[in-house]
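Chains as they are written, first to last, in our numbering: chain R, 58 to 548; chain S, 17 to 111.
The C-beta atom is built at its ideal place from N, Cα and C for all residues, glycine as well.
Small disclaimer: the values here were computed from a predicted structure and weren't measured.
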């Protein structure tokens, strides 16, 4: 059979439902592809030993006519999302050996839908990074150029889909960690509205920003997966109860009636010329589909990265205080057992110092500083107010009748491995176009729009209003159907 | 904003991280340059702007009804060191 993971999700659904392929065949083909390709890519940190059994179960449901939209489809899961009985490490030594008791809500929903969990994918430790170089398992590589990063922190999931190892994948996005790797790898990635998807079982980085997001080879696949995991959850107090649909009524490529704004602050200096061309092509596609495209302004954009890095690191310093060697994960520095040479504070410090990588330690320290006595108001307090200004910029545009914003996802294509490791500010600046939607809690999708002159993927980003995923998907499909070079075929 | 060694040591103490001399100096420099960058926010007048607490969404509470919680064995299953019904740790009080 043709490489199954390059099929669009609707193509796979049709083949499964019509009996032209089985979930077991599809799953085995994906696992075979992992065996052949992942040695040099490093996308997966472990495979699910139950995958084929889950596929057999799915095939039974399909035969009995009880299949849903996700039944039988293999999905890769970022390793900061809990999978019951399958080790989950968040890319960190501090969680070595941790086996969750329960599935994260999103994984439970996948299983109830009959999807197959293929395996766990690599990430920057605890979601902190933009390159998937900060992992205890080593880096993941970009399949378009092995000397380049896939982006991060959900690099493994992006590569799983880009390299045809899985048709669908789950990631997480706090400041761009689904959208940026999607852009660097040439696949579709979406971060939903904050609260659209339950965070229960997602290992926390920054609780007011974290969201589970999805990767797919095409827009319809992303919509299918996001729809399947969305919905209010009693286990997540911040999850929303809503009737607002995730998917549009149809995928017909029409964009009549949509007002699309391109914020001038996102297309100025610092943006790669090739990517600028890609944004123009996306704008032309939307116009051809009937949308009205105009220039707009988000005046507080330049304050978004510092705002984000103060809030996210402050929340991270709090969330990561639970890693102390007492109840789960690794332990060191205490002399072992109930006695021994060390004492409890030494155990805490030893566990954390040895267990956390340098980027995580850097962010914990920055966050601790921002929250510390004497600096709290000047840093964290100020950042919370700046966040309000960033949110208001968007609200004003949406109140005026703009439906969507069209922007680049990243200022450059994928950079080289090692290039930004000694330059934290440089690394943080690669998030300049993605942190704003995170701060504002808005849905944002990254869509491939072609390749640069050097053959590297480039992407545009569509940012929607609160709970406006259906409009985002509608516009994204309109662009995708008019531009060549989408990632999926429909055999 | 330059940050001195004493401040970095203090924050590391708060965060329960041990830093050797090399790490201390490296982090002092890195944090200094990050803080220089976030000083951009000094340009903003936010006196009349309310803070966004959390994600700015409403907080809802569940009903105050009893539900099941973890069994003891489940709670201990990932422990680096445990006995019967508790986690074991090095002594807290030197005696």
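No residue range can be given for residue 96 of chain S, since it is assigned to no beta strand (DSSP E) and is classified by DSSP as neither H nor E.
For residue 85 of chain S, there are no C-beta contacts with chain R under 7 Å, since the nearest C-beta of that chain is about 12 Å from it. According to DSSP, residue pairing for residue 520 of chain R in a beta bridge involves R:462, R:501. Only buried fits residue 98 of chain R, as 16 or more other CB atoms lie within 10 angstroms of its CB.
With its beta carbon less than 8 Å from one in chain S, residue 448 of chain R belongs to the interface. Secondary structure remark: continuous beta strand (DSSP E) runs of at least 3 residues inside the region 183-226 of chain R: none found. Distance between residue 488 of chain R and residue 80 of chain R, taken at the CA atoms: about 37 Å. The beta-carbon separation of residue 65 of chain S and residue 442 of chain R, rounded to 4 Å, stays under the 8 Å limit for a contact. DSSP, reduced to helix, strand and coil, places residue 144 of chain R outside both helices and strands of the structure shown, so it counts as coil.
Residue state for residue 477 of chain R is assigned as coil, using DSSP reduced to three classes. Inter-residue distance for residue 327 of chain R and residue 399 of chain R is about 51 Å (C-alpha atoms, whole angstroms). A residue is called buried when at least 16 other Cβ atoms come within 10 angstroms of its Cβ; residue 108 of chain S does not meet this threshold and is exposed. Contact check for residue 244 of chain R against residue 215 of chain R passes: the beta carbons are separated by less than 8 Å. Ranked by Cα distance from residue 298 of chain R, the options R:307, R:304, R:287 are led by R:287.
Residue range 108-120 is occupied by the alpha helix (DSSP H) that includes residue 111 of chain R, with no beta strand (DSSP E) assigned at that position. In the three-state reduction of the DSSP assignment, residue 230 of chain R falls in the strand class, which pools E and B. Close partners of residue 100 of chain S in chain R (Cβ separation under 9 Å) are lacking, with about 12 Å as the shortest Cβ gap. Against residue 295 of chain R, the close residues of chain S are 71, 73, in the order they occur along the chain (beta-carbon pairs closer than 7 Å). A contact between stretches requires three or more CB pairs, one per stretch, nearer than 8 Å, and the region 368-383 of chain R meets this requirement with the region 258-270 of chain R.
Ranked by how close their Cα comes to the Cα of residue 259 of chain R, the residues R:502, R:225, R:283, R:164 have R:164 in first place. Taking a Cβ-Cβ cut-off of 8 Å, residue 18 of chain S has no neighbours in chain R, whose nearest Cβ is about 13 Å from it. Put simply, the CB of residue 80 of chain S is far from chain R, with every gap to its CB atoms at 8 Å or more. By the neighbour-count criterion, in which 16 or more other beta carbons inside 10 Å mark a residue as buried, residue 106 of chain R falls on the exposed side. Chain-ordered listing is empty here: chain S has no CB closer than 7 Å to the CB of residue 271 of chain R, the nearest sitting near 20 Å. Chain order gives the chain S residues near residue 399 of chain R as 106, where near means a beta carbon separation below 8 Å. Residue-level contact check: residue 187 of chain R does not touch chain S, since none of the beta carbons of chain S fall below 8 Å from its beta carbon. Close partners of residue 31 of chain S in chain R (Cβ separation under 7 Å): 374, 421, 422, 425.
The bridge partners DSSP lists for residue 101 of chain R are R:178. Separation of the CB atoms of residue 133 of chain R and residue 157 of chain R is rounded to 17 Å, and the pair is thereby denied contact status at 8 Å.
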